[in-house]
Every structure is written in structure tokens, then in C-alpha cells.
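Using full-length UniProt numbering, the first residue of the sequence shown is number 1, and each one after it goes up by one.
Don't be surprised by glycine CBs; every beta carbon is placed ideally from N, CA and C.
This report concerns only the one structure given below.
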Amino acid sequence: MCDRRLLRAASPCSWGLTLPEAVGLREVAVGVREGTGLSEALCLRGASRALREVVSATGFRETSSPHLFVCGGESNGQFLSSVECLDPATGGWQTLPVGLRRGRHWAAAAALRGAVYVCGGSDGRQVLSSVEALEVATLAWRDMPPMLERREGAAVAVAGGRLLVVGGGDGRSILRSAERFSPGAPGEWDALEPMGHCRLGSAACHAGGHVYVCGGNGGETSLSSAETLSLATGAWEELPAMEQQRERFAASCVGGFLYVCGGCDHRQGPLASVERLDLQALRWESLSSMPRDRRHGAAAATLAGQILVCGGSYGRHDLRLVECFDAPSNRHLVRVPADAGAEEQRGRRVAARLAAA
Numbered sequence: 001m002c003d004r005r006l007l008r009a010a011s012p013c014s015w016g017l018t019l020p021e022a023v024g025l026r027e028v029a030v031g032v033r034e035g036t037g038l039s040e041a042l043c044l045r046g047a048s049r050a051l052r053e054v055v056s057a058t059g060f061r062e063t064s065s066p067h068l069f070v071c072g073g074e075s076n077g078q079f080l081s082s083v084e085c086l087d088p089a090t091g092g093w094q095t096l097p098v099g100l101r102r103g104r105h106w107a108a109a110a111a112l113r114g115a116v117y118v119c120g121g122s123d124g125r126q127v128l129s130s131v132e133a134l135e136v137a138t139l140a141w142r143d144m145p146p147m148l149e150r151r152e153g154a155a156v157a158v159a160g161g162r163l164l165v166v167g168g169g170d171g172r173s174i175l176r177s178a179e180r181f182s183p184g185a186p187g188e189w190d191a192l193e194p195m196g197h198c199r200l201g202s203a204a205c206h207a208g209g210h211v212y213v214c215g216g217n218g219g220e221t222s223l224s225s226a227e228t229l230s231l232a233t234g235a236w237e238e239l240p241a242m243e244q245q246r247e248r249f250a251a252s253c254v255g256g257f258l259y260v261c262g263g264c265d266h267r268q269g270p271l272a273s274v275e276r277l278d279l280q281a282l283r284w285e286s287l288s289s290m291p292r293d294r295r296h297g298a299a300a301a302t303l304a305g306q307i308l309v310c311g312g313s314y315g316r317h318d319l320r321l322v323e324c325f326d327a328p329s330n331r332h333l334v335r336v337p338a339d340a341g342a343e344e345q346r347g348r349r350v351a352a353r354l355a356a357a
């Protein structure tokens with residue numbers, strides 16, 4: 001039998017390396033993440049003990065670009081529980097292996113501290129107050145404390161490390177109430193000062209110490225009104241009205257502007273128009289319309305200065321198209337072609353941006 005000492009002397013190398021170190025498993029894992037996306041890399045990590053030992057789920061997330069998550073929605077009368085993710089590194093959509101615990105549409109969704117929170121909505125039988133959160137690092141869902149009120153068609157914003165949910169409907173009436181959730185112990189909801197208007201199907205954004213809420217339906221008509229909540233004082237203040245009445249539209253704050261896209265007007269039907277509010281001058285201006293389809297029930301999120309408008313409906317047709325508005329250049333793009341968009345058609349979709357923590 002060959003003496004191991006003689007063999008090592010004849011073939012000098014780093015004999016103390018483990019197999020994962022010898023084959024460069026960490027580099028392999030990073031290559032998988034870059035080539036297939038975060039969700040596939042996390043699935044591979046979950047199936048490999050050796051991979052779990054050399055790279056953490058948090059490490060995967062920290063080296064990834066921000067992702068866009070689209071959760072639930074409704075398509076052709078079906079209430080969806082599936083979750084899809086757009087990975088900017090690959091430019092492709094992936095359906096996550098774990099979906100919502102129940103199908104829900106017209107929910108509110110936002111990303112906070114490495115998790116995607118999905119709040120309220122409807123499961124087709126009742127309006128919900130329940131909240132669930134997807135821990136992106138582990139692809140695990142957790143039930144969170146329910147909201148103080150049942151809400152569908154509510155608006156949500158993240159501000160000061162907290163979720164703020166405003167308006168919506170409880171199945172009987174349209175709400176102007178607002179509430180706030182603080183993750184961590186004790187992780188409870190508390191009521192805020194109500195808005196000046198009841199709003200169903202409005203949108204909310206946070207910028208510069210304020211939460212901006214605009215549009216929606218007040219019970220008899222689509223609204224053009226807008227208002228802002230000061231995080232410092234907790235008081236609401238009326239803002240100049242939008243140029244177009246609209247509800248169930250997409251909105252996002254980028255570069256000192258609040259952009260609103262599409263939606264519908266109870267008189268005109270689905271809209272393709274786009275306008276923005278200068279958050280310093282507090283003045284609205286109309287921009288060029290979305291180039292492809294008028295749509296309502298879409299959702300928007302911001303990635304690298306670009307506003308992605310996802311899904312929605314036009315009449316009886318649910319859309320899978322994802323349009324992109326590049327705020328720095330003030331141009332509309334179709335970043336994801338119509339035939340290569342999200343895997344499922346979704347009306348009344350919800351979307352959330354997840355920033356790497």
C-alpha cells in the first residue's frame with residue numbers, strides 16, 4: 001500500500017481543502033445565481049447541504065440586484081396565489097416555488113427589511129384583513145398580525161421602516177382610515193389620522209418625509225384629488241388635484257416626482273394617460289401616454305430609476321404586458337416584450353420592489 005506521506009510529497013497540494021473548497025463551490029453557486037436568478041439559486045441551496053455550508057441565503061440576497069415581485073391577482077375570474085419575480089440580472093420572469101397561502105386579488109403589497117408583505121385584498125368570498133410576508137432569503141411565508149380593518153383596493157407605502165396602509169373598502173363601505181405596521185416586537189398595527197377623503201383603488205408613495213396619496217373612487221365617482229401625510233406631524237394636507245380623474249392606476253415616486261400611469265375614469269373607461277407631480281413645486285403636468293394599451297388595475301414598482309407597470313386589464317382582457325417608463329430620459333420603453341412577460345395573465349395585480357438589504 002502506498003504511503004500517504006510519500007504520495008503527498010510527490011504531489012504537493014493543499015491537502016487540507018474540503019471538497020466544496022476544492023471544486024470552488026461558492027463560485028459555482030454565484031454563477032448559478034447570475035445565470036438563472038435568485039429564486040433558482042435559493043432552491044439549489046435548499047437542496048444542497050454543502051452549498052448551505054459555504055454560502056448563506058442572506059449572502060445570495062446581498063449580492064443580488066433589486067427584484068420585482070408580483071403577487072396574486074385575478075385573471076379570467078380566477079383568484080391567484082402564485083408569485084412571480086423579475087430578475088434584472090437575467091431579464092426574465094420566474095414563478096417562485098412557494099405561492100401565497102391563499103389566492104387573493106386587489107391586495108396591497110410592499111417590500112420592507114428583506115420581506116414582501118401582502119396585505120388584505122379579497123379571496124372571492126370575503127374582504128381580508130390578513131397579512132402574509134415572504135422572507136426572500138429563505139423563500140418562506142409567514143403569517144403576520146392582521147390589519148385593524150378588512151381592506152381591498154387599499155394603497156400602501158413604506159416610510160420610516162414601517163408599512164402604511166390607507167383607504168380601500170371593507171365590502172360595505174369605502175374607507176378613509178389609515179394604519180401602520182412596525183415589524184419586529186411586538187409587531188402590531190396602530191391607527192393613524194384618517195385621510196381627508198374616502199378612497200378605493202387609490203395609490204400611495206413615500207418621498208422626503210411625506211406619504212402621498214391620490215385618486216381612487218370616493219363612492220360615486222373617480223377622484224382627481226390628492227393629499228399628503230407628514231411623517232413628522234402625523235397630519236394630512238390637501239394637494240393640488242390631478243389633471244385626470246382616475247382610479248385603479250399605477251404610481252411611483254422617482255427623482256422628486258410622483259408619476260401616475262393609466263387606471264380608469266368611471267366616465268371614460270380605461271386610460272393610457274400619464275402625469276406627474278413635482279414634489280417641490282406641487283404642480284402636475286401631463287406626459288406622453290403609455291404606448292401600448294390603456295389599462296386599469298395594473299401595479300408599478302421602481303428599479304434603477306425605471307418605473308415598471310405590470311399587468312392590469314383592458315375591458316375584459318387581462319394583460320401580461322410589462323411597460324417601462326425611464327424617468328431620467330422621460331421615455332417609454334417596453335422592457336419586457338408582450339410575448340415574454342409574466343407567466344400568467346393577471347388583472348388587478350399587486351407588485352412590490354425589493355431592494356437588497
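Distance between PRO270 and LEU333 (C-alpha atoms, nearest Å): Residue numbering aside, residue 333 sits at position 333 when the sequence shown is read from its first letter. Residue numbering aside, residue 270 sits at position 270 when the sequence shown is read from its first letter. In a straight line, the C-alpha of LEU333 is about 20 Å away from that of PRO270.
Alpha-carbon spacing of PRO183 relative to ALA133, whole angstroms: Position 183 of the sequence shown, counted from the start, is the residue given in the question as residue 183. Position 133 of the sequence shown, counted from the start, is the residue given in the question as residue 133. Looking at the two C-alpha atoms, the distance is approximately 11 Å.
Cα-Cα separation between TRP189 and VAL70, rounded to whole angstroms: Position 189 of the sequence shown holds residue 189. Position 70 of the sequence shown holds residue 70. Computed Cα separation, rounded: 24 Å.
Span of the beta strand (DSSP E), counted from its first residue to its last, around LEU68: Counting from 1 along the sequence shown, the entry for residue 68 is found at position 68. Unbroken beta strand (DSSP E) run through LEU68: 67 to 71.
PRO146 to ALA154 span [Cα, whole Å]: Start at 1 with the first residue of the sequence shown, and residue 146 comes out as number 146. Start at 1 with the first residue of the sequence shown, and residue 154 comes out as number 154. C-alpha separation (whole angstroms): 14 Å.
CB of SER289 within 9 Å of CB of SER273, strictly: Residue numbering aside, residue 289 sits at position 289 when the sequence shown is read from its first letter. Residue numbering aside, residue 273 sits at position 273 when the sequence shown is read from its first letter. Contact: yes.
Cβ-heavy atom distance, GLU247 to the ligand COA, below 8 Å: This structure lacks the ligand COA; in fact it carries no ligand of any kind.
ALA108 - DSSP class collapsed to helix/strand/coil: Position 108 of the sequence shown, counting from 1, holds the residue named residue 108. For ALA108, the three-state secondary structure derived from DSSP is strand.
C-alpha distance - CYS198 paired with SER130, whole-angstrom precision: Numbered from its first residue, the sequence shown carries residue 198 at position 198. Numbered from its first residue, the sequence shown carries residue 130 at position 130. The straight-line gap from Cα to Cα measures roughly 21 Å.
Three-state class that DSSP yields for ARG113 in the structure shown: As a position in the sequence shown, residue 113 is number 113, starting the count at 1. Looking at ARG113 - three-state DSSP - the assignment turns out to be coil, as it is neither helix nor strand.
Of the listed residues GLY160, PRO194, PRO186 and ARG151, nearest to GLY171 (C-alpha basis): The count along the sequence shown starts at 1 and reaches residue 171 at position 171. That would be ARG151, whose Cα lies nearest to the Cα of GLY171.
For ASP278, the residue or residues it bridges with in DSSP: If you number the sequence shown from 1, residue 278 lands on position 278. Bridge partners of ASP278: PHE257 and ARG283.
Supposed contact pair GLU243 and GLU227 - C-beta distance, whole angstroms, cut 8 Å: Here the question's residue 227 lines up with position 227 in the sequence shown. Here the question's residue 243 lines up with position 243 in the sequence shown. That belief does not hold up - the Cβ atoms of GLU227 and GLU243 are roughly 16 Å apart, past 8 Å.
Proximity below 9 Å, CB of ALA207 to CB of VAL213: Stepping through the sequence shown from its first residue, residue 207 is reached at position 207. Stepping through the sequence shown from its first residue, residue 213 is reached at position 213. At a Cβ-Cβ threshold of 9 Å, ALA207 and VAL213 do not count as neighbours.
Start-to-end residues for the beta strand (DSSP E) that takes in ASP326: On the sequence shown, residue 326 is found 326 positions in, with the first residue counted as 1. Looking at the DSSP string, the run of the beta strand (DSSP E) that includes ASP326 is 322 to 326.
Extent of the continuous beta strand (DSSP E) to which LEU307 belongs: Sequence index remark: in the sequence shown, residue 307 carries index 307 (1-based). A quick correction: the sequence has Ile, not Leu, at residue 307. Unbroken beta strand (DSSP E) run through ILE307: 306 to 310.
Rounded separation between ASN76 and VAL166 - CA only: As a working mapping, residue 76 is identified with position 76 in the sequence shown. As a working mapping, residue 166 is identified with position 166 in the sequence shown. C-alpha separation (whole angstroms): 27 Å.
Between the CA atoms of ARG267 and GLY209 - distance to the nearest angstrom: Looking up residue 209 in the sequence shown gives position 209. Looking up residue 267 in the sequence shown gives position 267. The alpha-carbon atoms of GLY209 and ARG267 are separated by roughly 35 Å.
Contiguous beta strand (DSSP E) assignments of at least 3 residues, all confined to the region 129 to 179: 131 to 135, 140 to 144, 155 to 159 and 162 to 166
HIS210, enclosing beta strand (DSSP E) - first and last residue: For the purposes of this step, residue 210 is taken as the residue at position 210 of the sequence shown. Start and end: 210 to 214.
Beta-bridge partners of ASP123, as assigned by DSSP: What you label residue 123 is simply residue 123 of the sequence shown in a count that begins at 1. ASP123 is not bridged to any residue.
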